[in-house]
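Below: one structure, written as structure tokens.
The following block contains the structure:
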């Protein structure tokens, strides 16, 4: 299995598709190519690939429908996977955290 095939299969789990050009651009930041063989050595770099990609992906709408055709993905599942990657890689979670803003002084 190639790196490109692995990425496409992984993204298919969430019903998300990315163009080959975008995947290649992100892989080039990690000195990887889509045609390279997937193995234990490249697996850790691919964790970093998804760590970099998922925050951008989570900015997409979680469902789109047009003309009776609908596409959606489970945003909570992707966030959970991203949190697991953060802990595994020892990297900070870059997703925004919900905040409560006190505006009681404006009453």
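In the UniProt record's numbering, the protein residues as written are 1 to 107.
Note that CB positions come from ideal geometry on N, CA and C, so glycine has one too.
{"query": "Whole angstroms are fine: how far does the CA of residue 55 sit from the CA of residue 74?", "result": "14 Å"}
{"query": "Which of the three DSSP states, helix, strand or coil, is assigned to residue 64?", "result": "strand"}
{"query": "Terminal residues of the continuous beta strand (DSSP E) containing residue 28?", "result": "Segment 20 to 28 is the alpha helix (DSSP H) holding residue 28; no beta strand (DSSP E) there."}
{"query": "Would you give the residue range spanned by the alpha helix (DSSP H) that residue 100 belongs to?", "result": "No alpha helix (DSSP H) contains residue 100, which DSSP labels as neither H nor E."}
{"query": "Using the DSSP secondary-structure output, state which residues sit across from residue 35 in a beta bridge.", "result": "None, per the DSSP bridge assignment."}
{"query": "From residue 33 to residue 19, what does the alpha carbon distance come to, in whole angstroms?", "result": "14 Å"}
{"query": "According to DSSP, simplified to helix, strand and coil, what is residue 17?", "result": "coil"}
{"query": "Take residue 50 and list the residues in its own chain whose beta-carbon comes closer than 7 Å to its own, dropping the five residues that flank it on each side.", "result": "85"}
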